[in-house]
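Engineer:
In this note's numbering, the protein residues as written are 1 to 144.
See the structure below:
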């Protein structure tokens, strides 16, 4: 809706006709928060512990967008990545958890494997999870 109103400025007033005032305020807050997060991530460019999608959009040796149009484009891309990349993965994790909770013995085995490997939550890192065979089997099985 935002992109359409920017492309056709004469229709900008139409978007506000169909939305409740509270939604308009929350959309503005969401845009403001997204803009702040993009700025924060740009400041971390090249110095993150784990590479992420943003690193593909803005490599460490890449030039930071200067114009408002380029920055708006970057904000829109990051929003699309957030929603497009988050939902399938979260649904996959939720379905895995649901299956584990439906089979208490499997849940117990996984808990033992994780607690046997890590002494606290702070010790859990993605590289350490790769070598857990039962966890990986559960995740693989839930993809079928």
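Just so you know, even glycine gets a beta-carbon here, dropped at the ideal spot from N, CA and C.
Keep in mind that this is a model prediction, so the values were computed, not measured.
1) Which residue spans inside the region 28-70 form an unbroken alpha helix (DSSP H) run of at least 4?
2) What is the rounded straight-line gap between the Cα of residue 143 and the Cα of residue 88?
3) For the region 92-107 against the region 116-128, are there 3 or more C-beta pairs whose distance is under 8 Å?
4) Please report how far the alpha carbon of residue 38 lies from the alpha carbon of residue 134, in whole angstroms.
5) With distances taken Cα to Cα, identify the nearest neighbour of residue 7 among 69, 60, 93.
6) When we look at the beta-carbon of residue 74 and count the other beta-carbons within 10 Å, is it buried (16 or more) or exposed?
7) So, residue 41 versus residue 58, is the Cβ gap smaller than 9 Å?
8) Note the first and the last residue of the continuous alpha helix (DSSP H) segment covering residue 108.
9) When you compare the CB positions of residue 50 and residue 126, do they come within less than 9 Å of one another, or not?
10) List the endpoints of the continuous alpha helix (DSSP H) containing residue 133.
Structural biologist: On the basis of the supplied data:
1) 53-57
2) Numbered from its first residue, the chain shown carries residue 143 at position 143. Numbered from its first residue, the chain shown carries residue 88 at position 88. Rounded to whole angstroms, residue 143 to residue 88 spans 11 Å at the Cα level.
3) no
4) Along the chain shown, one-based indexing puts residue 38 at 38. Along the chain shown, one-based indexing puts residue 134 at 134. Spanning the two alpha carbons is a distance of roughly 37 Å.
5) In the chain shown, the residue the question calls residue 7 occupies position 7. If we check each option's Cα against that of residue 7, 69 comes out closest.
6) Translated into positions along the chain shown, residue 74 becomes position 74. Result: buried.
7) Stepping through the chain shown from its first residue, residue 41 is reached at position 41. Stepping through the chain shown from its first residue, residue 58 is reached at position 58. Yes, they are a contact pair.
8) Counting from one through the chain shown, the residue named residue 108 turns up at place 108. Segment 104-117, the alpha helix (DSSP H) holding residue 108.
9) Sequence index remark: in the chain shown, residue 50 carries index 50 (1-based). Sequence index remark: in the chain shown, residue 126 carries index 126 (1-based). Closer than 9 Å, so yes.
10) Position 133 of the chain shown, counted from the first residue, corresponds to residue 133. Taken as a continuous stretch (DSSP letters only), the alpha helix (DSSP H) holding residue 133 covers 133-143.
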